[in-house]
Amino acid sequence: MSEAPDSPDPHGAGVAPGSALAPELLAVGETMAMVAPHAGDRLGEAQHFRLDAGGAESNVAAHVAALGHRAAWFSRLGDDSLGHRVVAQLSERQVDVSSVVFDPNNPTGVYFKDPGHGVRYYRAGSAASCLTAEDADAVSLVGVRILHVSGITAAISPSAAEFLDRMIDRAREAGVLVSFDVNHRLALWDCAAAAAVLESLARRADLVFTGRDEAESLWGTVEPAAIRAKFSEVPELVVKDGDIGASVYLSGPNSSDDEFFEPSHVVSVVDVVGAGDAFAGGYLAALLDGLPPRDRLRAGHHRAALTLQTTGDSVGDAPRELGNAPSEPIGDASHRPQTPSNESVLQ
Numbered sequence: 069m070s071e072a073p074d075s076p077d078p079h080g081a082g083v084a085p086g087s088a089l090a091p092e093l094l095a096v097g098e099t100m101a102m103v104a105p106h107a108g109d110r111l112g113e114a115q116h117f118r119l120d121a122g123g124a125e126s127n128v129a130a131h132v133a134a135l136g137h138r139a140a141w142f143s144r145l146g147d148d149s150l151g152h153r154v155v156a157q158l159s160e161r162q163v164d165v166s167s168v169v170f171d172p173n174n175p176t177g178v179y180f181k182d183p184g185h186g187v188r189y190y191r192a193g194s195a196a197s198c199l200t201a202e203d204a205d206a207v208s209l210v211g212v213r214i215l216h217v218s219g220i221t222a223a224i225s226p227s228a229a230e231f232l233d234r235m236i237d238r239a240r241e242a243g244v245l246v247s248f249d250v251n252h253r254l255a256l257w258d259c260a261a262a263a264a265v266l267e268s269l270a271r272r273a274d275l276v277f278t279g280r281d282e283a284e285s286l287w288g289t290v291e292p293a294a295i296r297a298k299f300s301e302v303p304e305l306v307v308k309d310g311d312i313g314a315s316v317y318l319s320g321p322n323s324s325d326d327e328f329f330e331p332s333h334v335v336s337v338v339d340v341v342g343a344g345d346a347f348a349g350g351y352l353a354a355l356l357d358g359l360p361p362r363d364r365l366r367a368g369h370h371r372a373a374l375t376l377q378t379t380g381d382s383v384g385d386a387p388r389e390l391g392n393a394p395s396e397p398i399g400d401a402s403h404r405p406q407t408p409s410n411e412s413v414l415q
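The working numbering puts the first residue of the sequence shown at 69, with every later residue one more than the last.
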């Protein structure tokens with residue numbers, strides 16, 4: 069089976085070239101201030117904490133930037149010390165934050181990590197939850213090659229869902245490839261409502277990332293091939309299966325229903341939060357590099373493995389090299405790291 073050198077867009081032309089100065093990737097969605105104990109201590113027992121920026125979409129942008137590409141992030145933040153801290157930290161990670169809106173009336177969201185035991189969010193009424201379709205209209209897509217979004221934005225408020233819809237519409241009108249990470253968050257909305265909305269969003273994207281477990285909970289699809297059958301019209305579908313590996317399904321004029329699989333790396337898992345964003349960042353950077361499907365999957369696994377070895381969500385926390393056996397596939401599904409089931413949110 070031959071590997072397609074590039075991902076198909078709706079017209080089968082691959083990722084459109086961008087301008088020399090514009091961001092190659094634009095990610096949009098909420099980023100919050102993240103509080104985590106040092107050294108992996110339990111939240112209730114720790115004496116020392118670190119303050120950082122964390123959000124699915126900005127994490128992806130940071131990984132793409134770390135891999136040598138121009139990446140930008142847009143959202144609303146509170147015009148407060150935490151909001152300015154978030155912008156400063158993303159800027160330090162070479163993410164373009166020049167278009168971020170500071171909201172004087174609504175705060176920056178905050179979340180607390182309890183390593184190995186879940187995450188607690190304080191995001192109700194946050195500045196990002198006040199995103200609107202008008203915000204989407206103000207975002208420049210000139211020169212952008214990939215728009216990266218996630219299902220979290222659709223869940224945080226009705227107006228944010230309208231923002232997401234408008235961003236996708238504008239990207240499609242402009243010929244920008246739409247990358248969509250399903251990112252289902254049980255704590256944010258009813259599963260039945262989420263299933264319908266996330267399915268609709270996925271069908272409008274050119275590239276979709278989903279986990280086998282979340283697809284099963286949303287749509288009852290147990291195997292990766294069943295997920296592919298459900299979303300057969302999506303040009304590029306990536307299905308992640310924990311520490312087993314990931315598959316990419318390609319369709320279009322240049323690649324008719326090709327499937328590629330790559331196993332995950334073996335690492336000592338400290339925390340699973342942020343690994344999915346790291347995978348997407350590595351995959352998208354490889355896509356921008358024009359690498360073939362297997363190399364895109366390998367790049368995603370490598371970034372995810374780095375992140376699994378830290379209590380942070382972002383590229384700034386990841387070690388430079390894998391802790392152990394980066395080239396060995398995992399063969400025992402019983403060791404699969406599970407996404408914490410006790411994620412909670414205060415509304």
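Even glycine gets a Cβ: it sits at the ideal position worked out from N, Cα and C.
Remember, it's a predicted structure, so these values are computed and weren't measured experimentally.
- DSSP places LEU135 outside any beta strand (DSSP E), giving it a letter other than H or E.
- Judged by beta-carbon spacing, ALA133 lies beyond the 7 angstroms limit of PRO91, meaning their Cβ atoms are not closer than that value.
- For LEU275, the enclosing beta strand (DSSP E) begins and ends at 275-279.
- Excluding sequence positions up to five before and after ASP325, its CB lies within less than 6 angstroms of the CB of SER319, all in the same chain and listed in chain order.
- In the structure shown, SER225 falls within a coil segment according to DSSP collapsed to helix, strand and coil.
- By the Cβ neighbour-count rule, ASN127 is buried, with 16 or more other Cβ atoms within 10 Å of its own.
- Counting only the Cα atoms, LEU269 lies some 31 angstroms from LEU150.
- For PHE328, same chain residues with a beta-carbon under 6 angstroms away, outside a window of 5 residues either side, are VAL316, PRO361 and ARG362 in chain order.
- Taking the CA atoms as reference points, ARG213 sits about 17 angstroms from LEU232.
- If only complete runs of 3 or more residues are kept, the region 155-180 shows the beta strand (DSSP E) at 169-171, in order along the chain.
- Within the same chain, and ignoring the five residues on either side of ARG191 in sequence, the residues whose Cβ sits closer than 6 angstroms to its Cβ are GLY177.
- Under the rule that a run must span 4 or more residues, the alpha helix (DSSP H) segments found entirely inside the region 291-365 read 292-298 and 343-356.
- Taken through DSSP and simplified to helix, strand or coil, ARG153 comes out as helix.
- Annotated three-state conformation of ARG144 is strand, per DSSP.
- ASP311 counts as buried, since no fewer than 16 other beta carbons sit within 10 angstroms of its beta carbon.
- DSSP, read as helix, strand or coil, puts HIS116 in coil.
- Per DSSP, the unbroken alpha helix (DSSP H) holding ASP203 starts and ends at 201-206.
- Look at the beta carbons and you see the region 246-253 touching the region 219-236: at least three pairs across the two are nearer than 8 angstroms.
- Contact check for GLU330 against ARG371 fails: the beta carbons are separated by 7 angstroms or more.
- Between the region 181-200 and the region 141-148, the count of Cβ pairs shorter than 8 angstroms is three or higher; the stretches touch.
- When DSSP states are grouped into helix, strand and coil, LEU232 belongs to the helix group.
- Spanning the alpha carbons of THR375 and GLU291 requires a straight line of approximately 26 angstroms.
- The three-state reading of DSSP puts SER194 in coil, since its state is none of H, G, I, E or B.
- In the same chain as GLN157, and ignoring 5 residues on each side of it, the C-beta atoms closer than 6 angstroms to its own belong to ALA121, in chain order.
- Across the set ARG188, ARG234, ARG138 and PRO172, the C-alpha of ARG138 shows the shortest separation from the C-alpha of SER166.
- Proximity to MET100 across ALA294, LEU94 and GLY123 peaks at GLY123, based on C-alpha coordinates.
- Exclusion of the five residues before and after ALA314 leaves VAL306, VAL307, LYS308, PHE329, GLU330, SER332, PHE347, LEU365, GLY368 and HIS369 as the residues of its chain whose Cβ lies within less than 8 angstroms of its Cβ.
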